Amino acid sequence: MTDTWFLVVVVVCGVLLAAAAVLAVARVERGPSTLDRTIALDVFTTTLVGAIALEAAFSRRTDTIPLLVVLSLVGFVSSVTVARFASVEPEGEGRVRTAEEIAAEEAARLTEDDEERAAVDPEHHGGGPDGEVR
């Protein structure tokens, strides 16, 4: 009796994994962006890992565990790699600046602040002596 239930569970899980794999492949084909395709391939890889684990549980074999580990690592590394190259970093982000570059940036910012202060109308921004009313 327990073997029958075990077989039913394996078949149901296999059908669900096959449906997930077909839908993931359809999403890979449909797209539209690289990140959509990457996520679909990650889902497909996870489905493949689940199918191999299901087969290992059904046949009661443990020699497929290294294959599961390698396939999981490949899926993880590929997703992280695509995400890393798809992300856009601001200019100069992630780079160590030299002391001279920092000093030049500070000087440029101070010069911009001085120009902004010179452009302010002194009549409207407290430019006269204290107590003087115009």
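The UniProt record's numbering puts the first residue of the sequence shown at 1, with every later residue one more than the last. Note that CB positions come from ideal geometry on N, CA and C, so glycine has one too. Being a predicted model, the structure only gives us computed values, none of them experimental.
- Linking A107 to V43 through their CA atoms gives a straight-line distance of about 51 Å.
- Assignment of G14 by DSSP, reduced to helix, strand and coil, places it in the helix class.
- Following the DSSP letters along the chain, one finds T46 inside the alpha helix (DSSP H) bounded by residues 34-59.
- Under the three-state reduction of DSSP, S87 is assigned to coil, being neither helix nor strand.
- Judged by beta-carbon spacing, G14 lies within the 8 Å limit of L54, meaning their Cβ atoms are closer than that value.
- Note on geometry: alpha-carbon atoms of T2 and F58 lie some 13 Å from one another.
- Residue state for V96 is assigned as coil, using DSSP reduced to three classes.
- In this structure, the beta-carbon distance from L7 to A51 does not fall below 8 Å.
- For G75, the secondary structure class from DSSP, reduced to helix, strand or coil, is helix.
- Your pair T47 and A21 checks out as a contact, with CB atoms roughly 5 Å apart and the cut at 8 Å.
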